[in-house]
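In what follows, a single structure is set out as C-alpha cells and then discussed.
Numbering (the working numbering), first residue to last: 936 to 1164.
If you want it as C-alpha cells, here you go:
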C-alpha cells in the first residue's frame, strides 16, 4: 500500500472483491453471514477471493454474533486451515462477560497466527474500559489496527472518542492504526482525516441495494475520491 488513506471494504464473495478492488479499495475484510455482523468465511470462499484479486485480505475469525469467543478450539482450527490456504491477515476480538478483553482466547488465536498481522474489531466499542483494553493488548504480536466507531451506537456518537484516541497516537496501547467503521458516512471524512485518522472501513455503505446486493464499484470509487481529495 502507498501512504494514501486506507480504504477497507467488506467482501462476502469474489464478485464483491473484484468490484471493491476496481473501485479503489486497498484491502478487503472477508466475512460471511452479515445477519450476525460477520463470521468466519469458508476456506473455499477465501481461496476464490484470493484468486480473484491481488489486494490484501483480512479474514474474520468469529463463530457467532456478539463478542464472546465461543469454542476456542474451533476458532484455532479455523485459523490453522485458513493459514494453510494462504491467509496472512486476520480480524478478531473477544470480550468476557464483564466487558474486559478475553485474553485467553485472544492469546490462543494470536499464537496460532504466529506473527500474522491482525485487526481487533469493534468489540472495543463494547468494552467496559477502552483505555484498559488497549493497554492490556499492547504487546500482542501482530496487532496493528483497531476497527472502531468510537461508540457502540456508531460514528455519529463516537467521533469525540475517535479524535481523542487519534491525539494519543504513539502512547502505549495507541500505536495501532485507527480504522474507522460502523455507521460511517462520507460527510464524516473531513473531520477524521484532519485529525490524522487515515483508514476507513465500509460495508453496507458500498452496497446501494443493501446486504442482499453486491458491492458497487462506482460507490467505492466515490469513497476513494473523497479520501484522495
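Even for Gly, the Cβ is constructed at its ideal location relative to N, Cα and C.
Keep in mind it's a predicted model, so treat the numbers as computed, not measured.
If you draw a straight line from the Cα of residue 1149 to the Cα of residue 1079, it comes to about 29 Å. For residue 1003, no alpha helix (DSSP H) run applies, since DSSP gives it neither H nor E. Residue 1073 sits away from residue 1105, with the two beta carbons spaced by 7 Å or more. With fewer than 16 other CB atoms across the displayed protein chains lying within 10 angstroms of its CB, residue 999 is exposed. Note on geometry: alpha-carbon atoms of residue 955 and residue 1098 lie some 27 Å from one another. Annotation: the continuous alpha helix (DSSP H) that includes residue 950 extends over 949-958. In this structure, residue 965 and residue 946 form a Cβ contact; the two beta carbons are roughly 6 Å apart against a cut-off of 8 Å. Looking at 979, 1156 and 1102, the one whose alpha-carbon comes closest to that of residue 1019 is 979. Residues 974 and 976 of the same chain have their beta carbon placed closer than 6 Å to that of residue 967, with the five preceding and five following residues left out of the count. Taking a C-beta distance under 7 Å as the contact criterion, residue 950 and residue 991 do not qualify as a contact pair. Taken through DSSP and simplified to helix, strand or coil, residue 1079 comes out as strand.
Spatial neighbours of residue 944 in its own chain (CB-CB distance under 7 Å, excluding positions within 5 residues in sequence) are listed in chain order as 955, 960, 963, 1137, 1141, 1150 and 1155. Every beta strand (DSSP E) stretch that sits fully inside the region 996-1043 and reaches 3 residues is listed by chain position as 1024-1027. Residue range 1152-1163 is occupied by the alpha helix (DSSP H) that includes residue 1157, with no beta strand (DSSP E) assigned at that position.
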